[in-house]
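Following: one structure in C-alpha cells, then a few remarks.
There are 2 protein chains.
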Amino acid sequence: MSALNDIPDRQIARPSGLAEEVYRRLRADIMSLRLPPDTRVSVDSLARELGVSQTPIREALSMLEANGLVSKKHFAGYATAPRMERAQLDALFEFRLLIEPHAARKAAEAMVGSDIALLDSGAAASSHDAFADIDTDFHKRIAEGAQNPLIADSLSRLHIHVHIFRSCFRSEIAAEAVHEHGAVIAALQARNGAAAEKAMRRHIERSYARLRDFIKD
Amino acid sequence: MSALNDIPDRQIARPSGLAEEVYRRLRADIMSLRLPPDTRVSVDSLARELGVSQTPIREALSMLEANGLVSKKHFAGYATAPRMERAQLDALFEFRLLIEPHAARKAAEAMVGSDIALLDSGAAASSHDAFADIDTDFHKRIAEGAQNPLIADSLSRLHIHVHIFRSCFRSEIAAEAVHEHGAVIAALQARNGAAAEKAMRRHIERSYARLRDFIKD
DNA sequence: GGATCAAATATCCTATAGGATCGCGGGACG
DNA sequence: CGTCCCGCGATCCTATAGGATATTTGATCC
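Protein chains in written order, with the working numbering: chain A, 1 to 217; chain B, 1 to 217.
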C-alpha cells in the first residue's frame with residue numbers, strides 16, 4: 001500500500017479538493033445528460049457557474065479526458081464524448097462479454113451473503129431513470145464481487161458509456177432485463193458459478209441486442 | 001465522430017499543449033524508473049525542472065492519476081504508484097488471461113500481413129531494457145490487431161504496470177518468452193485463431209509464473 | 001540518544017491576470 | 001447575392017502570486 005493512500009481504520013479521512021468535487025459534478029452531469037454527448041465544455045463558463053477558479057476546472061477536465069468522457073483539442077478546448085456509434089457499441093459489448101460472465105462466476109464464489117442480498121433486479125423501478133441507476137448499481141456490485149480491482153475498474157469505466165447511450169433513447173424499462181437480472185441473482189444466491197456465468201452472458205447478449213436496435217445502420 | 005477530434009487527411013495536425021508534453025515526459029520517466037514507484041512527485045520541483053508553470057504540471061498529473069500511475073492526497077501532493085504486490089499481480093494476470101488470448105484470436109483473423117511482419121519476438125534484443133520495450137510493442141500490436149479500441153486501451157493501461165514491475169527486477173531476457181512470442185507469431189502468420197489464442201494463453205500463464213517468482217510471499 | 005516542541009522552509013492549492021487563439025458578425029467589394 | 005476581410009469579444013492556455021498546510025530543522029529536556 002502506498003504511503004499516500006493509506007487510510008487505516010482510525011485515521012481521519014481527508015477532505016477533497018475543489019478539483020475532485022468539480023470532477024464528481026461533471027461526471028454526474030455527463031451521466032445524467034445535463035451535459036449531453038458531443039457538447040462543448042467551456043472552462044471559463046464552468047468556472048463562473050461553479051464559482052471556482054479555472055484551475056480545478058482544468059484539473060477535473062484532465063481527469064475526465066483520461067477517462068474518455070471528454071476530449072480536448074489544443075486551443076479549441078474540451079467537449080463531451082459523442083454518443084456511441086455502432087462500431088463502438090460492438091466493441092464495448094465484445095469487451096463486456098469477455099469480462100462480465102467471468103466476473104459473475106467469481107462473484108458467485110466470493111460474494112458475501114449480505115452483499116448478494118443488496119442486489120436489486122430493478123423490478124420495483126418506477127421509471128427508466130430509476131431503472132438505469134439500479135442497473136448500474138447491479139453490474140457494479142457484481143463486478144466488485146469478483147474481487148479483482150482491474151475488473152471492477154474497467155467495467156466501471158465502460159458502463160458509464162452504456163448508461164449515457166441508453167439515456168439518450170429514454171427506452172422503457174426492459175422487463176426482460178429485470179428477468180435476466182433475477183436469473184443472475186438466483187445463481188449467485190445458489191453459489192453456482194457456472195450458472196451465474198451463463199446467466200450473465202445471456203443477459204449481456206440480450207442487452208446488446210436490445211441496444212443495437214436503437215442504431216439504424 | 002466528434003467535431004473536436006476529426007483530423008481528416010488534409011487538415012494540419014495541431015501542436016500539443018504543454019500539459020500533454022509534460023504528461024508524456026512523466027509517463028516515460030515512470031516507465032523507465034527514472035521516477036521510481038512509490039515516490040513523491042513535487043509540483044513545484046517539476047515546474048522548476050521542466051521550466052514551465054505549475055498549471056500544465058497539475059494537468060498532466062491529473063491525467064496520470066486518472067490512469068492509475070500516480071496517486072494524489074489532498075494537501076500532501078502526488079506520488080507514483082507503488083510497485084505491484086502479489087494480490088495486484090494476481091489481479092492483473094487474471095485480467096490479461098481474460099483478454100489477451102481473445103485478442104490474439106481476433107488478431108489472427110484481422111491483422112494485415114504487413115502488421116504481422118512487424119511483430120518482433122525479441123530474439124535479437126541486446127539487453128533486458130531492449131527486450132522489455134520489444135515485449136511492450138509486441139503485445140500492443142497484437143491488442144491493436146484485435147480491432148477493438150477498448151481491448152487495446154485496457155491492455156495498454158495495464159501493460160505499463162507489468163513493464164514497471166519487470167524493470168524493478170532487472171531480470172535476464174527470458175529465452176522462454178522469446179520462444180513463446182515466436183509461437184504466437186507463427187499462429188498469427190498461419191491465420192490460425194485457435195492456435196493463436198492457445199499460444200497467447202500459454203505465454204501469459206508462463207509469464208505470470210516467471211514474474212510471480214520475484215515476489216516472496 | 002530519543003522525544004518533544006516551535007520556528008522556518010518547502011510545498012500544495014487556488015485565484016487572478018495577461019497574451020495567444022478562435023469564432024462570429026458586420027461591412028466592403030465584385 | 002456571395003465571398004472575403006477585419007475587428008471585437010469570448011475563450012484557451014499558461015504564468016504568477018498569495019494564503020493554507022505539511023515537512024523539516026534546530027533547540028531543549030530527560
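Where is the CB? At the ideal position from N, CA and C, for every residue including glycine.
Query                                                                                                                          : Result
Chain-ordered neighbours of A91 (chain A) on chain B, where CB pairs are closer than 9 Å                                       : Q147, N148, P149, L150 and I151
Cβ-based contacts, 9 Å cut-off: residues of the region 12-27 of chain A near chain B                                           : R14, P15, S16, G17, A19, E20 and Y23
R166 (chain A) versus L119 (chain A) - alpha carbon distance                                                                   : 21 Å
Endpoints, beta strand (DSSP E) assigned at S71 (chain B)                                                                      : V70 to K73
Residue span of the beta strand (DSSP E) that contains T80 (chain A), given as start and end                                   : G77 to T80
C-alpha distance - A19 (chain B) paired with P56 (chain B), whole-angstrom precision                                           : 4 Å
Which listed residue (B:F131, B:D129 and B:N192) has its alpha carbon closest to that of A104 (chain B)                        : B:N192
Between the CA atoms of K73 (chain B) and R58 (chain B) - distance to the nearest angstrom                                     : 13 Å
Contacts that T39 (chain B) makes with chain A (C-beta to C-beta distance below 7 Å)                                           : Near T39 (chain B) there are no residues of chain A at all, since even the closest Cβ is about 10 Å away, more than 7 Å.
Residue-chain proximity (L50 (chain B), chain A), Cβ-Cβ < 7 Å                                                                  : no
Span of the alpha helix (DSSP H) around R141 (chain A)                                                                         : H128 to G145
When A:N67, A:L61 and A:G51 are compared against L150 (chain B), the one with the closest alpha-carbon                         : A:N67
Spatial neighbours of S2 (chain A) in its chain, beta-carbon cut-off 6 Å, leaving aside the 5 residues before and after        : For S2 (chain A), the predicted structure reports a pLDDT of 41, less than 50, and the residue's modelled location is therefore unreliable. A value from the coordinates is still provided. Cβ within range, chain order: n/a, list empty.
At least 3 beta-carbon pairs within less than 8 Å: the region 142-160 of chain A vs the region 85-105 of chain A               : yes
Rounded C-alpha distance that separates H203 (chain A) from H181 (chain A)                                                     : 7 Å
Three-state secondary structure (DSSP) of R27 (chain B)                                                                        : helix
Within-7 Å CB hit, M84 (chain B) to chain A                                                                                    : no
Expected contact under 8 Å - CB spacing of A196 (chain A) and A125 (chain A) to nearest Å                                      : About 22 Å; that fails the 8 Å criterion.
Where L102 (chain B) meets chain A, residues with beta-carbon distance less than 8 Å                                           : The residue asked about is misnamed: residue 102 (chain B) is His in this sequence, not Leu. L98, listed in chain order.
Cβ contact (3+ pairs, closer than 8 Å) linking the region 133-149 of chain A and the region 109-123 of chain A                 : yes
Contact set between K58 (chain A) and chain B, taken where Cβ atoms lie within less than 9 Å                                   : The sequence as given places Arg at residue 58 (chain A); Lys does not occur at that position. Result: A19, T55, R58, E59 and S62.
Alpha helix (DSSP H) segment containing S156 (chain A), residue limits                                                         : P149 to F169
Rounded C-alpha distance that separates V41 (chain A) from S32 (chain A)                                                       : 15 Å
Interface flag, E94 (chain A) vs chain B, CB-CB below 7 Å                                                                      : yes
Straight-line gap, I136 (chain A) to V162 (chain A) (C-alpha atoms, nearest Å)                                                 : Correcting the residue identity first, residue 136 (chain A) is Thr in this sequence and not Ile. Looking at the two C-alpha atoms, the distance is approximately 9 Å.
Sequence-distant residues of the same chain with beta carbon closer than 6 Å to A29 (chain A), five excluded per side          : Looking at the sequence provided, one finds Asp at residue 29 (chain A) rather than Ala. L35, listed in sequence order.
Whole-Å CB distance - R212 (chain A) paired with L92 (chain A), under 8 Å assumed                                              : Between L92 (chain A) and R212 (chain A) the Cβ distance is about 11 Å, and since that is not below 8 Å, they are no contact.
Neighbourhood of L4 (chain A) by C-beta distance below 8 Å, restricted to the same chain and skipping five residues each side  : Confidence at L4 (chain A) is low in this model, with a pLDDT of 49, below 50, so its placement is unreliable and the value that follows should be read with caution. Once the five neighbours on either side are set aside, L4 (chain A) has no close Cβ partner at all.
Neighbourhood of E85 (chain B) by C-beta distance below 8 Å, restricted to the same chain and skipping five residues each side : I215
Cβ-heavy atom distance, A146 (chain B) to the ligand ZN, below 6 Å                                                             : Absent from the structure shown: the ligand ZN. Ligands present: none.
Range of the contiguous alpha helix (DSSP H) that encloses A209 (chain B)                                                      : G193 to R212
Beta bridge counterpart(s) of R40 (chain A) as assigned by DSSP                                                                : A:A79
Nearest-angstrom Cα separation, counted from L188 (chain B) out to H128 (chain B)                                              : 25 Å
Exposure label - P37 (chain B); buried when at least 16 CB within 10 Å                                                         : buried
C-alpha gap between S71 (chain B) and F169 (chain A), whole angstroms                                                          : 37 Å
Cβ neighbours of A123 (chain A) in the same chain (closer than 7 Å, five flanking residues each side left out)                 : V178
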